[in-house]
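Going by UniProt numbering, 175 is the number at position 175 of the sequence shown; the sequence numbering is gapless. For every residue, glycine included, the Cβ atom is placed at its ideal position computed from N, Cα and C. Here the structure is a predicted model, which is why all the values come from computation and not from measurement. See below for the structure under consideration.
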Amino acid sequence: MSSEPVFRVALRGELILTNPRWNKGSAFTTAERKAFGLTGRLPYRVNTLDEQCQRAYDQLQSRETPLRKNTFLQSLKDQSWVLYYALISRHVQELTPIIYTPTEAEAISKHSHLFQRSEGLYLSFPYQDAMEEDFLEQARERDVDLIVCSDAEMILGIGDQGVGHQYTRTPISSSLLPIVIPSQTSLLAGVDPSRTLSVTLDVGTDNQKLLTDPLYVLLRKHFPSSLLHFEDFGANNAKRLLDTYAKKHTVFNDDVFAASAKSLIPPSPLTDEQTRDRCGLVIFGAGTAGLGIARQVRDAMVTLDGLSTSDANKRFWLLDRYGLVKASLGPDKIRASLCDFTRMDKEWEGVEANERGEVGLLEVVRRVKPTVLIGCSTIGGAFDEAVVRAMAKGAERPIILPLSNSTSKHECKPEDAKRWSDGKALLAAGSPFPPCEMSNGKKYMVAECNSEYALIYPGLGFGAILSKTRSVTDGMIVAGARRLASLAPALKRPDNALLPDFGDSPEVDYEVTCSVVEQAIEEGVAGTEWKKEEAREKVKERQWKPIYWRYKYDPDGEQ
Numbered sequence: 001m002s003s004e005p006v007f008r009v010a011l012r013g014e015l016i017l018t019n020p021r022w023n024k025g026s027a028f029t030t031a032e033r034k035a036f037g038l039t040g041r042l043p044y045r046v047n048t049l050d051e052q053c054q055r056a057y058d059q060l061q062s063r064e065t066p067l068r069k070n071t072f073l074q075s076l077k078d079q080s081w082v083l084y085y086a087l088i089s090r091h092v093q094e095l096t097p098i099i100y101t102p103t104e105a106e107a108i109s110k111h112s113h114l115f116q117r118s119e120g121l122y123l124s125f126p127y128q129d130a131m132e133e134d135f136l137e138q139a140r141e142r143d144v145d146l147i148v149c150s151d152a153e154m155i156l157g158i159g160d161q162g163v164g165h166q167y168t169r170t171p172i173s174s175s176l177l178p179i180v181i182p183s184q185t186s187l188l189a190g191v192d193p194s195r196t197l198s199v200t201l202d203v204g205t206d207n208q209k210l211l212t213d214p215l216y217v218l219l220r221k222h223f224p225s226s227l228l229h230f231e232d233f234g235a236n237n238a239k240r241l242l243d244t245y246a247k248k249h250t251v252f253n254d255d256v257f258a259a260s261a262k263s264l265i266p267p268s269p270l271t272d273e274q275t276r277d278r279c280g281l282v283i284f285g286a287g288t289a290g291l292g293i294a295r296q297v298r299d300a301m302v303t304l305d306g307l308s309t310s311d312a313n314k315r316f317w318l319l320d321r322y323g324l325v326k327a328s329l330g331p332d333k334i335r336a337s338l339c340d341f342t343r344m345d346k347e348w349e350g351v352e353a354n355e356r357g358e359v360g361l362l363e364v365v366r367r368v369k370p371t372v373l374i375g376c377s378t379i380g381g382a383f384d385e386a387v388v389r390a391m392a393k394g395a396e397r398p399i400i401l402p403l404s405n406s407t408s409k410h411e412c413k414p415e416d417a418k419r420w421s422d423g424k425a426l427l428a429a430g431s432p433f434p435p436c437e438m439s440n441g442k443k444y445m446v447a448e449c450n451s452e453y454a455l456i457y458p459g460l461g462f463g464a465i466l467s468k469t470r471s472v473t474d475g476m477i478v479a480g481a482r483r484l485a486s487l488a489p490a491l492k493r494p495d496n497a498l499l500p501d502f503g504d505s506p507e508v509d510y511e512v513t514c515s516v517v518e519q520a521i522e523e524g525v526a527g528t529e530w531k532k533e534e535a536r537e538k539v540k541e542r543q544w545k546p547i548y549w550r551y552k553y554d555p556d557g558e559q
């Protein structure tokens, strides 16, 4: 893409105008209009891509609500990939909350009512015998670098959104996340969208509201060098699938690897060595995401700080619906996956518990005096004033990360946490929040921790694709996360944001991609023959950009 290629395209007339990969709309040149039979199908004037983006942006601004803006952008993507990505790339900060959280949660929950056009691949339970055939038909004559797969069981804090009742034969999805993730990876990292595939597993739903909605619509190895991204699987399936396939294929799960973006920042140079040595993390919500954070940060402590696994485990206190995960809860209340982080009861003698012997969040914070408090519970308001003040009393600059989506399910509002901590708390949230007013009159920018979809996942994915690794190693994840952490504005000034600005995400993801590729080469797991010192230039050469290249009509060309 770094030179001026000419694409040989076999489509003409209406076929090229309705193909979002090739359609340029009014930007087709005069010569292209003649060659592709478009002279009478388009207005006379030839527009530039910049002019098209301005027109589309003006149209977008006329949509009054975020959901209407979201549906407009989806419609634009159906018309022209280049125009869609070019528009968003010019307004990344403004439009990311529209195409992803928090607006995407509403769009997903209402998708059966908003549904207009099918996108991606649907593998439905009633047609299980034809799944491989359906997959190969969708991928026919294509090279695929990225596959994003979801069963829609646990989406953005809004739960099971289903993909078609298993007793029906309606394979239409209400899960847009498999479509959103490839879009983000193309926009911010540079993966060619024609080489991505979104897959929805239609295995039914337990969501009774969807099932009673009359409008509800919903082994050979292929592409061995592609990245398979498991998206929004439930807690019982995410880790099991990752463990099953991690050594067989290049796989990635966003929740299991959540710590990459969310929690390798606390042990970074934001805190001094003494604080790092006593760093303790309380994680409120021990599901897939919370447990994934604990495991990844634990493993990073082992890799980076030289701790033993058992010593690193002792720096974590996890809470679920039964309170603190401690031994006396018994096997009926402690999942096997939580055993590494189970606390001994003798540590909690004299601590107030409820009538069932369960220890709550406030008691844990008071006893532990953690430096980091992470929320993955979807319990709105769980980090109340007493909890935040206890954090501020126990740590000089407590790091508080209410990560649950959507906004109503956030454990606390950043402005409250700043006020209750007397301005001491360092904050990042799971959804966009406005800046906090501080006592000195300055604004504190609240980083969006779920911006991993913008600030690290695209780079991690593209790095895995370009390195042609057969597994995403812990070292590659840590390398990408450390690079992101090194770009934190708070490193220059503690009251700055914990994460880079959304508007800088393309540059950030480029840095993450390079770090992942370099680490894969260093570990000897890369399938490419690149040298480490040439990785940065190679990555830049292979980034897809939303640019209109020249076309030449060729009946035997691409379609």
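P432 is a Cβ neighbour of P97, given a cutoff of 9 Å.
The stretch 14-33 and the stretch 57-67 do not touch, with fewer than 3 CB-CB distances between them shorter than 8 Å. The bridge partners DSSP lists for F125 come to none.
Spatial neighbours of K77 in its own chain (CB-CB distance under 6 Å, excluding positions within 5 residues in sequence) are listed in chain order as Y84. Contact between Q52 and G25 holds, since their C-beta atoms are separated by about 7 Å, short of 8 Å. Positions of the beta strand (DSSP E) runs, each at least 3 residues long and wholly inside the stretch 274-300, are given as 281-284 in order along the chain. Per DSSP, reduced to three states, the secondary structure at G524 is coil, with no helix or strand assignment. Between the alpha carbons of M301 and K418 lies a gap of roughly 28 Å. With a cut-off of 8 Å on Cβ pairs, the stretch 304-321 is not in contact with the stretch 383-397, counting fewer than three such pairs. Cα atoms of R68 and A336: separation of roughly 44 Å, rounded to the nearest angstrom. P402: not part of any alpha helix (DSSP H); member of the beta strand (DSSP E) spanning I399 to P402, first to last residue. For M391 and S421, the gap between their C-alpha atoms comes out near 8 Å. In the structure shown, the three-state DSSP call for N253 is strand. Per DSSP, the beta bridge partners of R550 are V6. Rounded to the nearest whole angstrom, the CA to CA distance from D192 to I334 is 44 Å. In chain order, R315, F316, W317, V368, K369, P370, T371 and V372 place their CB closer than 8 Å to the CB of G280, counting only its own chain and leaving out the 5 sequence neighbours on each side. Annotated three-state conformation of V472 is coil, per DSSP.
L242 carries a helical assignment under DSSP once its states are collapsed to helix, strand and coil. Rounded to the nearest angstrom, the gap between the Cα atoms of P414 and V6 is 50 Å. The three-state secondary structure of I334, taken from DSSP, is coil. The criterion of a C-beta distance shorter than 9 Å is satisfied by E358 and G323. With a threshold of 16 other beta carbon atoms within 10 Å, Q296 meets it and is buried. Check the Cα spacing between R493 and each of K409, Y444, E133 and E522: the tightest is with Y444. Contact annotation, S89 with P546: C-beta distance approximately 6 Å; criterion of less than 8 Å satisfied.
Put simply, the backbone Cα of A327 is about 49 Å away from that of L136.
Contact between the stretch 484-493 and the stretch 523-539 is absent, with fewer than three C-beta pairs closer than 8 Å. DSSP, read as helix, strand or coil, puts R356 in coil. The straight-line gap separating the alpha-carbon atoms of C449 and D501 is approximately 11 Å.
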